[in-house]
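Undergrad: Supplied in C-alpha cells, the structure appears directly below.
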Ligand code: NAD
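Residue numbers (this note's numbering): 2 to 472.
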C-alpha cells in the first residue's frame, strides 16, 4: 500500500470518515456513510494515447490521463503533471486530494488532475509543444471554464498552459463552436501575465504556504516551540532500532527557526525564499539530483541563481550575498529528511516519509508542500512521536486559491493588483486554518483528519462558503 498513492489517499479518507461518523447520530450515519463511499472513486477517468512527431521524423505515442474526481462544489480543478513515473493511480490520488483541498480552501471547485508519462527534460521545445497540443486535442470536449479547469503541476508551466489553451481554441473553431474570450481564458489557470494570468499565481503556493504556516504557528506556538515540548524518540521501528539515538531538540523561543526544504522547483523554491525573507534559517534544500546542507543558513535566491548558472545545486553554498564552498556540503535526499531542524518541508513528490524513515525524522513540525509526501503509516508514527504534520490539503492550497482568483478575474474581465491578490490569499488561508483548527478541536483529532472531516462536511452538505461562519 505504501507506494500506491491512491491506496494511501483512500486510507486517509477511511480514517477521517471514522472520526466523522463516530459523532453522527445512528440515523444520519448510514446516509453519510453512503455519500463518503461515493468519494472512493472518481466520477470520470480518461486515458489517452498521444502520437507525437519527434524531431527525427519518427512518431512516438505517449500515454496520458485526466481524472475528473468530483464536482459537487464546482467545476473539476487540478494541475497537469509531466513525469516519467506518472501512473493512473497517482493521478487518481492527486485528483482526490484536489477535491478535498478545494473544499478546505472554501473554493467553488471540485477536484481533478491530469498526467502524461514523459520525461519532458529530454524533449525539444517543439516536441514538448506537439505533445501538449496532442494531449489538449484529445481532451478538448471535457475541459472548459465551467467543466474542468487545468493548471500547472510538476514539470509544467505557463508556456505549456498557453499551448494547451491555444489548441482548445483551434479545436473549438474547427467545430464552429464560438467561445467567449473570457470563458476561453478561464479554461486554464497558471497562464503568464500577458496571456490572462493572475498577479501572484507563479509564487502563490509558496506564499499561501507562508500564510498557512504563520497562522498555524500562532496556534501551535506553545506546543511546538515550548522548551518543554519534546519529540518522542521511543516509538521505534523494530527493524531499525540501531539507527535511533538522536538527542531531542530543545526550543528556546523566540529564536530563528531552522528549516529544510526538499524539492527546489516552483513550490520548494518560493517557500524557501518567503521563509528566508521572514527570518527563518534555511539550512538545506534539494532537487532530484540531491541536496546541499549549509548549517549557517543559505540564501535561496542566490542559490537558485547559482544552480541556474552551474546546472546543479552542488557547490551553491550561498550565505548572505556570497557563495563559498567552505560553507556547506552536499547531502543525499534521504539524509536531508533526517536533519535535526525545527521545520521539514517536503516539496517534491509523494511517499517521501514512510514507515521506513518516519521514526528517524528529527524535525518538530512537517509542512507538506508537496502532495502526498507522508504516507498513512508514517502519519501514525509521527503522531505517536509528537511531530505535528500540517497536511498537504491545507499547506499547499494557496496555489489553487490564486488559480481560483485567476479564473474569477478572467470571467469578470478584471485584473487585480498583486497587493489585492495577496491580501485575499491571506484571508482565505487564515480562514482555512481557522476552520481546520475548529474541526480538530471539535473532533479531537489530528490536522489531516480534521481537514478531511471539514472538507467532507462541505462536500456532503454541498455547503457553500459563508464569510461569517466563524462569527
Ligand atoms: P516543479 O517541477 O516545479 O519542482 C519539483 C522539484 O522537485 C524539482 O526541483 C525537482 O528536481 C524536485 N524533485 C523531484 N524528485 C525529487 C526527489 N526524489 N527528491 C528531491 N527533489 C525532487 O514542481 P512543483 O510545481 O514545485 O510541485 C512540487 C510539489 O508540489 C508536487 O507534489 C505538486 O503536486 C505540489 N503542488 C504544486 C503546486 C503548484 O502550484 N505548482 C500547488 C500545490 C501542490
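Just so you know, even glycine gets a beta-carbon here, dropped at the ideal spot from N, CA and C.
For ligand 1, any of its heavy atoms closer than 8 angstroms to the Cβ of residue 156?
TA: At least one heavy atom of ligand 1 is nearer than 8 angstroms to the Cβ of residue 156, so yes.
Undergrad: Counting Cβ pairs closer than 8 angstroms, one from the stretch 117 to 124 and one from the stretch 84 to 95, do we hit at least three?
TA: Yes, they touch.
Undergrad: What's the C-alpha gap between residue 152 and residue 361?
TA: If I take the Cα positions, the gap works out to 35 angstroms.
Undergrad: Rounded to whole angstroms, how far is the Cβ of residue 373 from the Cβ of residue 98, which I believe are closer than 8 angstroms?
TA: Contact holds; Cβ gap of about 7 angstroms.
Undergrad: Within a Cβ cutoff of 7 angstroms, which residues of the same chain sit near residue 172, ignoring the five residues on either side of it in sequence?
TA: The answer, listed in chain order, is 138, 141.
Undergrad: Looking at the structure shown, is residue 453 part of a helix, part of a strand, or coil, going by DSSP?
TA: In this structure, residue 453 counts as helix in the three-state DSSP scheme.
Undergrad: Could you tell me which residues DSSP puts in a beta bridge with residue 331?
TA: Paired residues: 293.
Undergrad: How far does the alpha helix (DSSP H) with residue 430 in it extend, from its first residue to its last?
TA: Looking at the DSSP string, the run of the alpha helix (DSSP H) that includes residue 430 is 419 to 444.
Undergrad: Looking at the unbroken alpha helix (DSSP H) that takes in residue 16, where does it start and where does it end?
TA: Looking at the DSSP string, the run of the alpha helix (DSSP H) that includes residue 16 is 6 to 23.
Undergrad: In the DSSP assignment, find the alpha helix (DSSP H) that holds residue 403 and state where it starts and stops.
TA: That run of the alpha helix (DSSP H) goes 399 to 413.
Undergrad: Looking at C-alpha atoms only, which residue of 392, 125, 265 is the closest neighbour of residue 291?
TA: The shortest C-alpha separation from residue 291 is found at 265.
Undergrad: If you run the structure through DSSP and keep just helix, strand and coil, what is residue 182?
TA: Residue 182: helix per DSSP, three-state reduction.
Undergrad: Could you have a look at residue 63 and say whether DSSP puts it in helix, strand or coil?
TA: Residue 63: strand per DSSP, three-state reduction.
Undergrad: Between which two residues does the beta strand (DSSP E) harbouring residue 1 extend?
TA: Examination of residue 1 is not possible in this model, given that the chain is present from 2 through 472 alone.
Undergrad: Should residue 266 be listed as close to ligand 1, given that the test is whether its C-beta is under 8 angstroms from any heavy atom?
TA: True, at least one ligand heavy atom lies under 8 angstroms from that Cβ.
Undergrad: With a cut-off of 8 angstroms, do at least 3 Cβ pairs link the stretch 351 to 365 to the stretch 11 to 31?
TA: Verdict: no, contact absent.
Undergrad: Only counting the same chain, and skipping five residues up and downstream in sequence, which positions put a Cβ closer than 6 angstroms to that of residue 269?
TA: Here the set comprises 262, 348.
Undergrad: Taking all protein chains shown into account, do 16 or more other C-beta atoms lie within 10 angstroms of the C-beta of residue 404, making it buried, or fewer, making it exposed?
TA: That one is buried.
Undergrad: At a threshold of 8 angstroms, does residue 52 count as lining ligand 1 (C-beta to nearest heavy atom)?
TA: Residue 52: no, Cβ never under 8 angstroms from ligand 1.
Undergrad: Give the straight-line distance between the Cα atoms of residue 345 and residue 45, rounded to the nearest whole angstrom.
TA: About 35 angstroms.
Undergrad: Near residue 422, which residues of its chain fall below 7 angstroms by C-beta distance, leaving aside the five closest residues on each side in sequence?
TA: If we look at residue 422 and ignore the five residues flanking it on each side, its Cβ neighbours are 199, 200, 201, 403, 406.
Undergrad: If we count Cβ pairs, one from each stretch, closer than 8 angstroms, do we get three or more for the stretch 377 to 391 versus the stretch 434 to 451?
TA: Touching, yes.
Undergrad: Helix, strand or coil for residue 461 per DSSP?
TA: Reduced to three states, the DSSP call for residue 461 is helix.
Undergrad: Can you tell me whether DSSP reads residue 80 as helix, strand or coil?
TA: The answer is strand: DSSP assigns residue 80 an E or B state.
Undergrad: Would you decide whether residue 132 is buried or exposed? Buried here means 16 or more other CB atoms lie within 10 Å of its CB.
TA: Burial call: buried.
Undergrad: Can you check whether the CB of residue 55 is closer than 9 angstroms to the CB of residue 207?
TA: No.
Undergrad: In the structure shown, what three-state DSSP assignment does residue 87 receive?
TA: Here residue 87 sits in coil by DSSP.
Undergrad: So, is residue 94 buried or exposed, given that buried needs 16 or more other C-beta atoms within 10 angstroms?
TA: The residue in question, residue 94, is buried, as its Cβ has 16 or more Cβ neighbours within 10 Å.
Undergrad: Among residues of its own chain, excluding the 5 on either side of residue 62, which ones have a beta-carbon nearer than 6 angstroms to its beta-carbon?
TA: Only 50, 52 meet the Cβ criterion.
Undergrad: Please classify residue 333 as buried or exposed, where buried requires at least 16 neighbouring CB atoms within 10 angstroms.
TA: So residue 333 ends up on the exposed side.
Undergrad: Considering Cα atoms alone, identify which of 441, 416, 279 is closest to residue 194.
TA: Checked all of 441, 416, 279; the closest Cα to residue 194 is 416.
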